[in-house]
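The structure under discussion appears below in the form of structure tokens.
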């Protein structure tokens, strides 16, 4: 049995103010540590705020920049691993990225969003050829994805086949699509026999109204959820024993027709 307590930081971002966002993240990590959480998950593009058309390039930072260095220090100081979204200035342009930092402050994974959503993202960000990556957090195999990525069954299946027990997802989900937190997210967990942690923004940014409803979905399709669209730190403990039990009951992975399907 391996248990890991998750803290999902449903944050009302202070747009274009990385130092303020770093300070808020520190407070959230301190509260997560008090709750004995081993992993804190932030929303998508936490550093800058999500809805910043025309300003992405000006605020983006490399993985070695001040903001991610501050996240690494927060992880070291609190002993909590952190998955944090940020606009990454990389080779050839800006990536919609999420850095997974261990509780010792070391960079474990830098996930670049695989699937860009809509005209805004496609005009401000570029994609890489990186694949789903898995690392260990407190004895649990964790794979980061970002928002739209999780809506593709192939992405979560790739994580599952790579050994992931938890898919951790910073997101920016608006009210129009709130139903996804109650339907698609639990389905991804159920059909792959793993956990999905889905951390959303709170409040609004310009014309985007976020639904909140950050969610931890379990392998049996049940889920825990934030109360609404306001700021909240959702704390949920997961147990990897649930994975084996659910996969034994519904062995989707073993029963796949790999002779007919590519994966």
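Numbering (this note's numbering), first residue to last: 12 to 274.
Ideal placement from N, C-alpha and C gives every residue a C-beta, glycine not left out.
Since the model is a prediction, treat every value here as computed from it, not as a measurement.
Nearest residue (CA-CA) to residue i, options the options
i: residue 79; options: 99, 35, 63, 216; result: 99
i: residue 218; options: 54, 64, 111; result: 64
i: residue 209; options: 202, 241, 224; result: 224
i: residue 132; options: 31, 104, 142, 147; result: 104
i: residue 109; options: 67, 66, 154; result: 154
i: residue 118; options: 76, 106, 130, 138; result: 76
i: residue 211; options: 152, 205, 239; result: 239
i: residue 46; options: 261, 124, 248; result: 248
i: residue 29; options: 97, 196, 91; result: 97
i: residue 34; options: 271, 58, 15, 175; result: 58
i: residue 23; options: 62, 15, 42; result: 62
i: residue 68; options: 232, 262, 135; result: 135
i: residue 165; options: 53, 152, 142; result: 142
i: residue 70; options: 107, 40, 54; result: 107
i: residue 235; options: 161, 194, 213, 272; result: 194
i: residue 25; options: 272, 213, 181; result: 213
i: residue 15; options: 253, 202, 60, 262; result: 253
i: residue 265; options: 38, 202, 241; result: 202
i: residue 56; options: 272, 41, 216; result: 216
i: residue 171; options: 40, 39, 262; result: 262
As assigned by DSSP and simplified to three states, the class of residue i
i: residue 252; result: helix
i: residue 155; result: strand
i: residue 122; result: strand
i: residue 226; result: strand
i: residue 196; result: helix
i: residue 161; result: helix
i: residue 67; result: helix
i: residue 114; result: coil
i: residue 206; result: strand
i: residue 102; result: coil
i: residue 300; result: Absent from the model: residue 300. The displayed extent of the chain is 12 to 274, so no value can be given.
i: residue 261; result: coil
i: residue 53; result: coil
i: residue 182; result: coil
i: residue 136; result: coil
i: residue 219; result: strand
i: residue 92; result: strand
i: residue 7; result: Here the chain covers residues 12 to 274 and nothing more, so residue 7 does not appear.
Nearest-angstrom beta carbon gap, residue j and residue i [assumed within contact, 8 Å]
i: residue 13; j: residue 113; result: Not confirmed; about 16 Å, so no contact.
i: residue 229; j: residue 200; result: 6 Å
i: residue 95; j: residue 184; result: That belief does not hold up - the Cβ atoms of residue 95 and residue 184 are roughly 17 Å apart, past 8 Å.
i: residue 226; j: residue 198; result: At roughly 12 Å, the Cβ-Cβ gap does not stay under 8 Å, so residue 226 and residue 198 are not in contact.
i: residue 186; j: residue 21; result: In fact, because the Cβ distance is near 14 Å, the residues do not count as touching under 8 Å.
i: residue 48; j: residue 27; result: In fact, because the Cβ distance is near 28 Å, the residues do not count as touching under 8 Å.
i: residue 123; j: residue 139; result: 4 Å
i: residue 269; j: residue 176; result: Not confirmed; about 21 Å, so no contact.
Chain-order list of residues whose beta-carbon lies under 8 Å from that of residue i (same chain, five-residue window excluded)
i: residue 128; result: 158, 159
i: residue 44; result: 89, 90, 91
i: residue 102; result: none
i: residue 42; result: 18, 244
i: residue 161; result: 167, 178, 180, 182, 195, 196, 199, 207, 209
Contacts around residue i, its chain only, beta-carbon distance under 6 Å, and the 5 residues preceding and following it disregarded
i: residue 245; result: 19, 225, 237
i: residue 93; result: 51, 82, 86, 112
i: residue 258; result: 204
i: residue 196; result: 207, 209, 226, 228
i: residue 73; result: 100
i: residue 179; result: 52, 94, 153, 155, 208
i: residue 231; result: 257
i: residue 40; result: 51, 85, 89, 91
i: residue 11; result: There is no way to answer for residue 11, as the model of the chain reaches only from 12 to 274.
i: residue 145; result: 152, 154, 173, 174, 175
Cβ neighbours of residue i in the same chain (closer than 7 Å, five flanking residues each side left out)
i: residue 189; result: 222, 224
i: residue 163; result: 126
i: residue 66; result: 27
i: residue 32; result: 24, 25, 57, 58
i: residue 220; result: 185, 186
Count the C-beta pairs between the region 79–91 and the region 113–127 that are closer than 8 Å, then say yes if the count reaches three, no if not. yes
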